[in-house]
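Peer 1: Supplied in structure tokens, the structure appears directly below.
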Amino acid sequence: MSMVSLVSLANAGLSEIRGRHLQYSKFWDVRAPNKLKVKRVKVSSRAGMLALYAPAFLVGLVSFWLFPGDGLRFMLLSSALSLHFLKRVVEVLFIHKYSGAMILDSVVAISLSYFLSAVTMIYNQHLVDGVQEPPFDLKYIGFVLFMVSSAGNFYHHYLLAKLREKDDKGYKIPKGGMFNLVICPHYLFEILAFVGVSFISQTVYPFCFTIGTTFYLLGRSYCTRKWYLSKFENFPKDVKALVPYIF
5 MSMVSLVSLA NAGLSEIRGR HLQYSKFWDV RAPNKLKVKR VKVSSRAGML
55 ALYAPAFLVG LVSFWLFPGD GLRFMLLSSA LSLHFLKRVV EVLFIHKYSG
105 AMILDSVVAI SLSYFLSAVT MIYNQHLVDG VQEPPFDLKY IGFVLFMVSS
155 AGNFYHHYLL AKLREKDDKG YKIPKGGMFN LVICPHYLFE ILAFVGVSFI
205 SQTVYPFCFT IGTTFYLLGR SYCTRKWYLS KFENFPKDVK ALVPYIF
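For what it's worth, our numbering labels the leading residue of the sequence shown as 5, then goes sequentially.
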């Protein structure tokens, strides 16, 4: 399961670079002009994004009821995953301003991926509860890293939302925070948040999921920067995609 997650996410990142995007956000209709012969079902962006995160959030909540006697490491992991997806739900409902739509196929695929990943991480942690602790305990460092990175992710999502006035459906060049260095700082902080989750767990699956997520967001951020360069003549060329000064 660990390798399946890593390979599938890495392949999704490669597909992004090749132009085969998961259809949401600014890439929601990228195939529409010349690829779609059959009309495909669409949902509103807000409803679609809510469907991505709500099932995984419920998994986190249910885990506290299913495994109440598990140890501190399990509780920290379940808490981190629950907080991560709760943050996403709150952002969808109260922070983000959406335009366009989402293809239902993408909604189902991404939602299922998050749901299965949350189930696998939590159940994996339940199975190893009570076994010998690793020689270097990273769970506290991991939880702090997760919280700080989640705050950074939320802050940059807030900056993105502020770019749009009411009923404004256009895109603008983001500014403030780390947007002066990279076009996708929210992706960078999401990767760091999952590194934190990996440190909390200290098992194989979360590390593989984090590596796969990194590959996917590398591809997505590369295409996002390319998109901004194509849409805005004044987009600063020194702003990288994901990692300041490097990529």
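Quick reminder that beta carbons are idealized off the backbone N, C-alpha and C, glycines included.
Check for me: the beta strand (DSSP E) holding Met79 runs from which residue to which?
Peer 2: Position 75 of the sequence shown, counted from the first residue, corresponds to residue 79. Counting along the chain, Met79 falls outside any beta strand (DSSP E), though it belongs to the alpha helix (DSSP H) covering Leu76 to Val94.
Peer 1: Should the stretch 114–128 be regarded as contacting the stretch 56–69, the criterion being three or more beta carbon pairs within less than 8 Å?
Peer 2: These segments touch.
Peer 1: Can you tell me whether DSSP reads Ile187 as helix, strand or coil?
Peer 2: If you number the sequence shown from 1, residue 187 lands on position 183. Ile187: coil per DSSP, three-state reduction.
Peer 1: Measure from the alpha carbon of Ser234 to the alpha carbon of each residue in Pro139, Ile177 and Gly181, then state which is nearest.
Peer 2: Within the sequence shown, numbered from 1, the residue matching residue 234 stands at position 230. Ranking the options by Cα distance to Ser234, first place goes to Ile177.
Peer 1: Using a Cβ-Cβ cut-off of 8 Å (strictly less than) and excluding sequence neighbours within five positions of His161, which residues of its own chain qualify?
Peer 2: Here residue 161 is taken as the residue at index 157 of the sequence shown, counted from 1. Cβ neighbours of His161 beyond the five flanking positions: Glu95, Ile99, His100 and His190.
Peer 1: Taking only three categories from DSSP, how would you classify Val45?
Peer 2: On the sequence shown, residue 45 is found 41 positions in, with the first residue counted as 1. Val45 falls in the coil class under three-state DSSP.
Peer 1: From Ser205 to Lys143, what does the alpha carbon distance come to, in whole angstroms?
Peer 2: Working through the sequence shown from its first residue, we reach residue 205 at position 201. Working through the sequence shown from its first residue, we reach residue 143 at position 139. The straight-line gap from Cα to Cα measures roughly 7 Å.
Peer 1: With three or more C-beta pairs closer than 8 Å as the rule, is the stretch 197–204 touching the stretch 149–160?
Peer 2: These segments touch.
Peer 1: Taking 8 Å as the cut-off, does the stretch 49–60 touch the stretch 103–118 (at least 3 CB pairs, one atom from each stretch)?
Peer 2: Cβ pair count under 8 Å is three or more, so yes.
Peer 1: Kindly indicate the opening and closing residues of the beta strand (DSSP E) around Met106.
Peer 2: As a working mapping, residue 106 is identified with position 102 in the sequence shown. Ala105 to Ile107 is the extent of the beta strand (DSSP E) around Met106.
Peer 1: Please state whether DSSP places Lys1 in a helix, a strand or coil.
Peer 2: It is not possible to answer for residue 1, since the shown part of the chain is limited to 5 through 251.
Peer 1: Please classify Val11: is it buried, with 16 or more other beta-carbons within 10 angstroms of its beta-carbon, or exposed?
Peer 2: For the purposes of this step, residue 11 is taken as the residue at position 7 of the sequence shown. Val11 comes out exposed.
Peer 1: So Val47 and Ala105 are in contact, right, with Cβ under 8 Å, and what is the actual spacing, rounded?
Peer 2: Walking along the sequence shown from the start, residue 47 turns up at place 43. Walking along the sequence shown from the start, residue 105 turns up at place 101. Indeed they touch by this definition, with Cβ atoms about 6 Å apart.
Peer 1: Can you tell which of Gly180, Leu76 and Thr214 has its C-alpha closest to the C-alpha of Glu137?
Peer 2: Taking the first residue of the sequence shown as 1, we reach residue 137 at position 133. Ranking the options by Cα distance to Glu137, first place goes to Leu76.
Peer 1: What would DSSP say about Gly181, mapped onto helix, strand or coil?
Peer 2: As a first step, residue 181 must be located in the sequence shown, where it is residue number 177. The answer is helix: DSSP assigns Gly181 an H, G or I state.
Peer 1: Do you know how far the Cα of Pro139 is from the Cα of Cys227?
Peer 2: In the sequence shown, the residue the question calls residue 227 occupies position 223. In the sequence shown, the residue the question calls residue 139 occupies position 135. Cα to Cα, the separation comes out at about 40 Å.
Peer 1: Here's a check: name, in chain order, each residue in its chain whose Cβ is nearer than 7 Å to the Cβ of Thr218, leaving out the five neighbours to either side.
Peer 2: Translated into the one-based positions of the sequence shown, residue 218 becomes position 214. So the list reads Ile195, once near-sequence residues are dropped.
Peer 1: Counting along the chain, where does the alpha helix (DSSP H) carrying Val152 start and finish?
Peer 2: Against the sequence shown, residue 152 aligns to sequence position 148. Taken as a continuous stretch (DSSP letters only), the alpha helix (DSSP H) holding Val152 covers Lys143 to Lys166.
Peer 1: Do Gly216 and Leu18 have their beta-carbon atoms positioned less than 8 Å apart in this structure?
Peer 2: Within the sequence shown, residue 18 is the residue found at index 14, counting from 1. Within the sequence shown, residue 216 is the residue found at index 212, counting from 1. Contact flag unset, no.
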